[in-house]
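Structure first, then comments.
Number of protein chains: 2
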Amino acid sequence: MITFLSGGTGTPKLIRGMRRHLPDHEISVVVNTAEDVWMSGGFVSPDIDTLIYLFSGLLNTSSWWGQEGDTFITHHELQRLDGGEYIAIGDRDRAVHLLRGEYLKRGMTLTAATAQLCTSLGVRAQILPMADTPVETVVSCSGREIHFQEYWVRHRGALPIEGVRRRWAAPPVATPAVVSAIGAAEAVIIGPSNPITSILPILECRGVPEALEEVPVVAVSPFIGHAPVSGPAAALMRARGLSPDSAATRDLYAGFLDHFIQDSSDPVEVSGAIRMDTLMNHPGVDEALAERILSLVRGG
Amino acid sequence: MITFLSGGTGTPKLIRGMRRHLPDHEISVVVNTAEDVWMSGGFVSPDIDTLIYLFSGLLNTSSWWGQEGDTFITHHELQRLDGGEYIAIGDRDRAVHLLRGEYLKRGMTLTAATAQLCTSLGVRAQILPMADTPVETVVSCSGREIHFQEYWVRHRGALPIEGVRRRWAAPPVATPAVVSAIGAAEAVIIGPSNPITSILPILECRGVPEALEEVPVVAVSPFIGHAPVSGPAAALMRARGLSPDSAATRDLYAGFLDHFIQDSSDPVEVSGAIRMDTLMNHPGVDEALAERILSLVRGG
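Top line first, the protein sequences correspond to chains A and B.
Residues 1 to 300, numbered by the working numbering, are exactly what the first sequence covers, in order.
Residues 1001 to 1300, numbered by the working numbering, are exactly what the second sequence covers, in order.
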């Protein structure tokens, strides 16, 4: 079994490639939940949704969120009546959020609710929320703290950020399923996801770093030079006082890392790093990258 | 101003007729909320929805619930994934339920939430929930109590009923807006709605019977013989130990009633009743009935 730590775009692209080499039931994914948010009566778990839709074949792979060919009738009506729903939720996508919300209100854990949705949608990979208690990434903009989704989706990342932190009622603890999925893995792969908002929330769950020390861990840098391949990673690294590049990313994972992969064209030198073509914007790159990583961990 | 006490089908039909004689802003409607229910993260208020959609021109007047031409994409997806949403909620209709739920969760009263929705949808009549605290009509079926919506919508009324009662945490009190709308009315019209599940819940709100004693009140019977014009009124009258007919209906309203209207063809004799054509299943009947009632209360 290969276990991924994943956010919502870069790592799912790599997982798409890995599916050409491994059957779904040999893939586990520990997923960031720090971007989750209650919205219009439903519970949106953006990164979990992307993975569920990827494995069920429903994903819109132009945007890497939501379902391909979904409609937005309720969303447009909400916008017209009130304007408050700042995430564009599709009509089929909304059914998933509303069900997840119902499951949570009935007392199910997020892990159990996710498993139930996976069963209903025919997903055979193991999709595991990092924790079962709420964690939120909040960013400070002009002295005010707002939910990461509000910063990134409502304001399209067009606000200067002064800081970023996690907010919770109780410090998150990795679920037993997460600890098992890491412990039983042939290797753990940290894909090219935003370190600050996708990967660190997982690493901050009690039990995760310790579990990672016991298994081979490979990380793929999301940076080429000082720009991320996609998303707001650069601004968020800076908000943490870090340089937005492969070297700083590598340092974040240093405690448990076995192999660090950076793009062949990355001008930033990271000693010991392996160079591969990581820019998964062309067909086949994901598959080739996954194959090379699999060879690496299997000693091929 | 004319004020109606209304459920979800018979009285809205009469109100449709009254709109041909009065501008919307001279119509107030005190609405039953004892069928309200949280469903899939939204708050469904079936009778209020019918009235909002009637006055905004959106109502599906084949079914007398939901919006004309609505789609059911999320509903079908929920059915497919879980099967739990037993009310068929349309995609545009759902936006209204979700918004109402959000407003309530933010601490707005149902009266304020309804007013907000009316403003957004351009409704100029006054739509007033009977009370701002929750009341539920529950029926006993085989020794088990279920919400009226579950009996009527999920089981299509095909269960024997042993009893019917209202369930609440605190006895409902008419809102100040309801008391004003009754007190300031030229006349109050109780349309041909189900007495047990549509009208009695309103009459049970503290302040309503007393207010009705001070104004002219006209009621239209929902029965012709021992059958209601539509809906489960007969079974519910029996569950209360009452005969399902105009005479028993008239007795329920006796404390404050000035005029009782029954259908021209009703074989049940009610002394003092006025006979009119009340069966609003053909175009023009609603308009003619409304005109005759208006003449009656205006002494024409």
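Ideal Cβ positions, reconstructed from N, Cα and C, are used throughout, including at glycine.
Following the DSSP letters along the chain, one finds residue 1126/B inside the beta strand (DSSP E) bounded by residues 1126-1129. Within the model, the alpha-carbon separation for residue 225/A versus residue 174/A is close to 33 Å. In the DSSP annotation of this structure, residue 77/A is not part of any beta strand (DSSP E); the continuous alpha helix (DSSP H) holding it starts and ends at 73-81. Taken in chain order, the members of the stretch 1040-1064 of chain B whose beta-carbon sits within less than 9 Å of a beta-carbon on chain A are 1040, 1041, 1042 and 1043. Under the DSSP assignment, residue 22/A falls outside any beta strand (DSSP E); it carries neither an H nor an E label. For the pair residue 1081/B and residue 104/A, the CB atoms are not nearer than the 9 Å cut-off. For residue 1042/B, the uninterrupted beta strand (DSSP E) run begins and ends at 1042-1044, by DSSP. Looking at the DSSP output, residue 227/A shares a beta bridge with 224/A. Within chain A, the residues whose beta carbon sits less than 9 Å from that of residue 1120/B are 80, 81 and 82, listed in sequence order. For the 9 Å CB-CB criterion, residue 1002/B and residue 1187/B form a contact.
When the Cα atoms are used, residue 87/A and residue 96/A turn out to be separated by approximately 14 Å. Taking a cut-off of 8 Å on C-beta distances, the stretch 236-252 of chain A does not touch the stretch 283-293 of chain A, as fewer than three cross pairs fall below it. Counting only runs that start and end inside the stretch 1174-1254 of chain B, the alpha helix (DSSP H) elements of at least 4 residues fall at 1176-1183, 1200-1203, 1208-1213, 1233-1239 and 1246-1252. By the Cβ criterion, the stretch 1126-1145 of chain B is in contact with the stretch 1195-1208 of chain B, since at least three pairs of Cβ atoms, one from each stretch, lie closer than 8 Å. The C-alpha of residue 98/A lies about 14 Å from the C-alpha of residue 66/A. In this structure, the CA atom of residue 1110/B is about 21 Å from the CA atom of residue 1024/B. Taken through DSSP and simplified to helix, strand or coil, residue 1005/B comes out as strand. Nearest CB-CB separation between residue 124/A and chain B: not below the 9 Å threshold.
DSSP places residue 1293/B in the uninterrupted alpha helix (DSSP H) bounded by 1285-1297. In the DSSP assignment, residue 1120/B falls outside any beta strand (DSSP E) and lies within the alpha helix (DSSP H) extending over 1110-1120. In this structure, the beta-carbon distance from residue 1073/B to residue 92/A falls below 9 Å. With respect to chain B, the C-beta atom of residue 111/A has no partner C-beta closer than 9 Å.
The beta carbon of residue 189/A does not come within 9 Å of any beta carbon belonging to chain B, so the residue lies off that interface. The beta carbon of residue 1160/B lies closer than 7 Å to those of 1141 in the same chain, with the five residues before and after it left out. Residue-level contact check: residue 1094/B touches chain A, since one or more beta carbons of chain A fall below 9 Å from its beta carbon.
In the three-state reduction of the DSSP assignment, residue 152/A falls in the helix class, which pools H, G and I.
The closest CA to that of residue 1071/B, considering only 1229/B, 1153/B and 1094/B, is found on 1094/B. At a Cβ-Cβ threshold of 9 Å, residue 1100/B and residue 1043/B count as neighbours. Distances from the alpha-carbon of residue 1232/B to those of 1258/B, 1041/B, 1176/B and 1153/B put 1153/B closest. When DSSP states are grouped into helix, strand and coil, residue 1257/B belongs to the coil group. Neighbours of residue 101/A in chain B, taken as residues at a C-beta separation under 9 Å, are given in chain order as 1040 and 1041. The beta carbon of residue 10/A sits closer than 6 Å to the beta carbons of 191, 192, 193 and 222 from its chain, once the five residues preceding and following it are set aside; these are given in chain order. Per DSSP, the continuous beta strand (DSSP E) segment holding residue 1147/B begins and ends at 1144-1147. Counting other Cβ atoms within 10 Å of its Cβ, residue 1282/B stays below 16 and is therefore classed as exposed. Between residue 1247/B and residue 1270/B, the CB-CB gap stays under 9 Å.
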